[in-house]
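One structure below.
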Amino acid sequence: MDLFDTHTHLDAPQFDEDREEVIARAVESGVTRMINIGFNRETIPSTMKLAETYDFIYAAVGWHPVDAITMQEGDLEWIASLCSHKKVVAIGEIGLDYYWDTSPKDVQHRVLRSQIGLARELNMPIVIHNRDAHEDMIKILREEKASEVGGVMHSFSGSWETAKMVLGMGFHVSFGGPITFKNAKQPKEVLAQVPLDRLLIETDAPYLTPHPFRGKRNESAHVRLVAEAAAQIKGITVEEMVAITTQNALERFNIR
């Protein structure tokens, strides 16, 4: 297997006791590449450390909407400076989150717009976090001309109508553990319609653990379960799904 976990948080405190073992299990399970996400003042440095320690771990850096209110003057410049690092492949995860009431909407909008602008300036793809904010997300992506750089809609939870709009802007759509859940009807229906050349898989570890481990800590080794579920939904072999999604990720993140 040549699996690519395009979105993980290996620096999360849930892995403090056994991080090296978790990474080793992923490699043993056929995961050949991972993108770790640095999304605030604490996780950006730890993400960079992981990317510099492991050849097969890449980094995305950005400011998460939940933490938008903590972004200070100079942080955008910090992100920009890190984007020249050879292991940084995207700006993210950035976006909107209307579920957790931690940052005012206007602050989230400002922080998102500034980071899309930076991505356009640096010609970097973006990784989008979108929770309960579909209408505003589409509006901002269009107004800020995000189609010029494209990116990934991480852990997609929207409708097929929303998916069509982001696909029309050149984005890839990524799915994780929820497509393995018995009652997760919408993600499965959307995945079934997303073109194979725009499809990515991820874990979002330690969150969104797939069946049959739901309720336990997620880890990157479980991306294989996501690949198996996606292959079944698409009616292709697991090997085909792995080859397609890995090639899509390599192209999307300009990894050679």
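Using numbering that gives the first Met the number 0, the first residue of the sequence shown is number 0, and each one after it goes up by one.
Glycine included, every Cβ here is placed at the ideal spot set by N, Cα and C.
All figures in this text were calculated on a predicted structure; none of them were measured in a lab.
DSSP state of residue i, grouped into three classes?
{"i": "ASP15", "result": "coil"}
{"i": "ILE235", "result": "coil"}
{"i": "GLU41", "result": "coil"}
{"i": "THR202", "result": "coil"}
{"i": "THR101", "result": "coil"}
{"i": "SER173", "result": "strand"}
{"i": "THR94", "result": "Just to set this straight, residue 94 is Gly in the shown sequence, not Thr. GLY94 falls in the strand class under three-state DSSP."}
{"i": "THR7", "result": "strand"}
{"i": "ARG32", "result": "strand"}
{"i": "ASN129", "result": "strand"}
{"i": "VAL148", "result": "coil"}
{"i": "ILE254", "result": "coil"}
{"i": "LEU2", "result": "strand"}
Do residue j and residue i count as a contact pair if the criterion is CB distance below 8 Å?
{"i": "LEU2", "j": "VAL30", "result": "yes"}
{"i": "ASN247", "j": "LEU199", "result": "yes"}
{"i": "MET47", "j": "LEU81", "result": "yes"}
{"i": "LEU49", "j": "ILE43", "result": "no"}
{"i": "ILE34", "j": "THR69", "result": "no"}
{"i": "VAL87", "j": "ALA58", "result": "yes"}
Would residue i be called buried (16 or more neighbouring beta carbons within 10 Å of its own) or exposed?
{"i": "SER102", "result": "buried"}
{"i": "GLU218", "result": "buried"}
{"i": "GLU142", "result": "exposed"}
{"i": "LEU95", "result": "buried"}
{"i": "ALA23", "result": "exposed"}
{"i": "SER154", "result": "buried"}
Going straight from the alpha carbon of residue i to that of residue j, what length do you get?
{"i": "VAL151", "j": "MET168", "result": "11 Å"}
{"i": "GLY176", "j": "THR208", "result": "5 Å"}
{"i": "ARG40", "j": "MET136", "result": "24 Å"}
{"i": "GLY73", "j": "ILE232", "result": "45 Å"}
{"i": "VAL130", "j": "ASP100", "result": "Val is not the amino acid found at residue 130; the sequence shown has Arg there. Answer to the nearest angstrom: the Cα atoms are 12 Å apart."}
The segment 117-128 in contact with the segment 82-98 per 3-pair CB rule at 8 Å: Because the criterion of three Cβ pairs below 8 Å is met, the segment 117-128 and the segment 82-98 touch.
Three-pair Cβ contact test at 8 Å for the segment 21-29 versus the segment 57-70: Verdict: no, contact absent.
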